[in-house]
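Residue numbers (the numbering used here), protein chains in the order written: chain A, 1 to 107; chain B, 1001 to 1169.
Put into structure tokens, the structure is as follows:
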């Protein structure tokens, strides 16, 4: 029997892997991909909650959690577009995609 | 229709294993192109899990938008940037990062051990059918839906502005 906990553990593990990616990769594109991994893990948890717990405090049942994931995917698409444009600009201006080389705003 | 529990469990374990391994390979491969390919695999496994959770519409969207559109965008940028060989580096095992990740995982496992009161299962498995999701989306969430369209428009305009500025204008 697959329970809510199974999905939550999987989601947490994938999220932690994404966190490791953000902290341990230096390539700005890989950092963005790791952010996407974390978003995806959170989406999985949302859908699992939607299936196993009733949605809405008023006892209303419905696919509210899935609608939230729909919005999360749309926002992720918008975010990736702008982030990749910034990454392209970074490469054209500074000729690097290493986040350690882009420390101009650091104290 | 309700799939038999044994089959459900088998599909879950298979998809979960694929998702974990593909994600691990995504963050650890040296070549960004391999990372993208493993990430598409990870998203495909997520879509399978969504089907197991009765979220059929989201499974389709996951494949179309995430594995399709977003990953192609990543691939395009990787090809355009054309990294030099010495910039292909894998995971840098920073001890501080390992400590942070371990702490985070420990905190998460505490939260997962007690996910709050289970209110009950959804009465039917039609809850993820495209018709019902669309009905909720266009009635209860109509205003956020329009706001998202504005957000996407803003993202498009922002990207165009950034791309033009890059040409030295």
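Here a beta-carbon is modelled for each residue, glycine too, at the ideal position from N, C-alpha and C.
Identify the contact partners of residue i in chain A, using a Cβ-Cβ distance below 7 angstroms as the criterion.
{"i": "residue 1092 of chain B", "result": "24, 26"}
{"i": "residue 1032 of chain B", "result": "27, 29, 30"}
{"i": "residue 1077 of chain B", "result": "29, 84, 87, 88"}
{"i": "residue 1144 of chain B", "result": "71"}
{"i": "residue 1024 of chain B", "result": "17"}
{"i": "residue 1097 of chain B", "result": "20, 23, 24"}
From the DSSP output, read off the bridge partner residues of residue i.
{"i": "residue 27 of chain A", "result": "A:98"}
Could you round the C-beta distance between residue i and residue j to whole angstroms and report it? I think they count as a contact, below 8 angstroms.
{"i": "residue 18 of chain A", "j": "residue 1109 of chain B", "result": "That belief does not hold up - the Cβ atoms of residue 18 of chain A and residue 1109 of chain B are roughly 16 angstroms apart, past 8 angstroms."}
{"i": "residue 97 of chain A", "j": "residue 90 of chain A", "result": "7 angstroms"}
{"i": "residue 99 of chain A", "j": "residue 28 of chain A", "result": "5 angstroms"}
{"i": "residue 80 of chain A", "j": "residue 1073 of chain B", "result": "6 angstroms"}
What residues of chain A sit near residue i, judged by a beta carbon separation below 8 angstroms?
{"i": "residue 1112 of chain B", "result": "5, 8, 9, 12"}
{"i": "residue 1016 of chain B", "result": "6, 10"}
{"i": "residue 1139 of chain B", "result": "Neighbours of residue 1139 of chain B on chain A: none; closest Cβ ~10 angstroms, over 8 angstroms."}
{"i": "residue 1019 of chain B", "result": "10, 14"}
{"i": "residue 1108 of chain B", "result": "12, 15, 16"}
{"i": "residue 1174 of chain B", "result": "Look at the range of chain B in this structure, 1001 to 1169, and you will see that residue 1174 of chain B is not part of it."}
Report buried or exposed for residue i, applying the criterion of at least 16 other Cβ atoms within 10 angstroms of its Cβ.
{"i": "residue 1007 of chain B", "result": "exposed"}
{"i": "residue 1032 of chain B", "result": "buried"}
{"i": "residue 64 of chain A", "result": "buried"}
{"i": "residue 3 of chain A", "result": "exposed"}
{"i": "residue 104 of chain A", "result": "exposed"}
{"i": "residue 1014 of chain B", "result": "exposed"}
{"i": "residue 52 of chain A", "result": "buried"}
{"i": "residue 1080 of chain B", "result": "exposed"}
{"i": "residue 25 of chain A", "result": "buried"}
{"i": "residue 1102 of chain B", "result": "exposed"}
{"i": "residue 1076 of chain B", "result": "exposed"}
{"i": "residue 94 of chain A", "result": "exposed"}
{"i": "residue 1010 of chain B", "result": "exposed"}
{"i": "residue 1054 of chain B", "result": "buried"}
{"i": "residue 47 of chain A", "result": "buried"}
{"i": "residue 57 of chain A", "result": "Because residue 57 of chain A carries a pLDDT of 45, less than 50, the predicted location of this residue cannot be relied on, and the following value inherits that uncertainty. When all chains shown are included, residue 57 of chain A counts as exposed."}
{"i": "residue 1188 of chain B", "result": "The question about residue 1188 of chain B has no answer here: the residues shown for chain B are numbered 1001 through 1169."}
{"i": "residue 1062 of chain B", "result": "buried"}
{"i": "residue 1004 of chain B", "result": "exposed"}
{"i": "residue 1047 of chain B", "result": "buried"}
Residue i touches chain B at which residues, Cβ-Cβ below 8 angstroms?
{"i": "residue 38 of chain A", "result": "Simply none; closest approach about 10 angstroms."}
{"i": "residue 99 of chain A", "result": "Near residue 99 of chain A there are no residues of chain B at all, since even the closest Cβ is about 11 angstroms away, more than 8 angstroms."}
{"i": "residue 94 of chain A", "result": "Chain B residues near residue 94 of chain A: none, gap ~12 angstroms exceeds 8 angstroms."}
{"i": "residue 19 of chain A", "result": "1100, 1101, 1104"}
{"i": "residue 69 of chain A", "result": "1055, 1058"}
Kindly list, in the order they appear in chain B, the residues whose Cβ is closer than 9 angstroms to that of residue i.
{"i": "residue 77 of chain A", "result": "1065, 1066, 1069, 1070, 1073, 1152, 1155"}
{"i": "residue 105 of chain A", "result": "Near residue 105 of chain A there are no residues of chain B at all, since even the closest Cβ is about 17 angstroms away, more than 9 angstroms."}
Given that residue i touches chain B, what residues does it touch there, using C-beta distances under 7 angstroms?
{"i": "residue 47 of chain A", "result": "1050, 1053, 1055, 1058"}
Quick one: list the residues of chain A neighbouring residue i, beta-carbon separation under 9 angstroms, in chain order.
{"i": "residue 1148 of chain B", "result": "70, 71, 74, 75, 78"}
{"i": "residue 1005 of chain B", "result": "1, 2"}
{"i": "residue 1162 of chain B", "result": "82, 85, 86, 88, 89"}
{"i": "residue 1037 of chain B", "result": "By Cβ distance, chain A contributes nothing, its closest Cβ being about 12 angstroms from residue 1037 of chain B, past 9 angstroms."}
Strictly below 8 angstroms CB to CB, what residues from chain D border residue i?
{"i": "residue 1061 of chain B", "result": "The structure shown contains no chain D; the protein chains it does contain are A and B."}
*At what residue ranges does the region 1032-1079 of chain B contain a whole run of the alpha helix (DSSP H), taking only runs of 4 or more?*
With a minimum length of 4 residues, the continuous alpha helix (DSSP H) runs that stay inside the region 1032-1079 of chain B are 1032-1052, 1056-1061.
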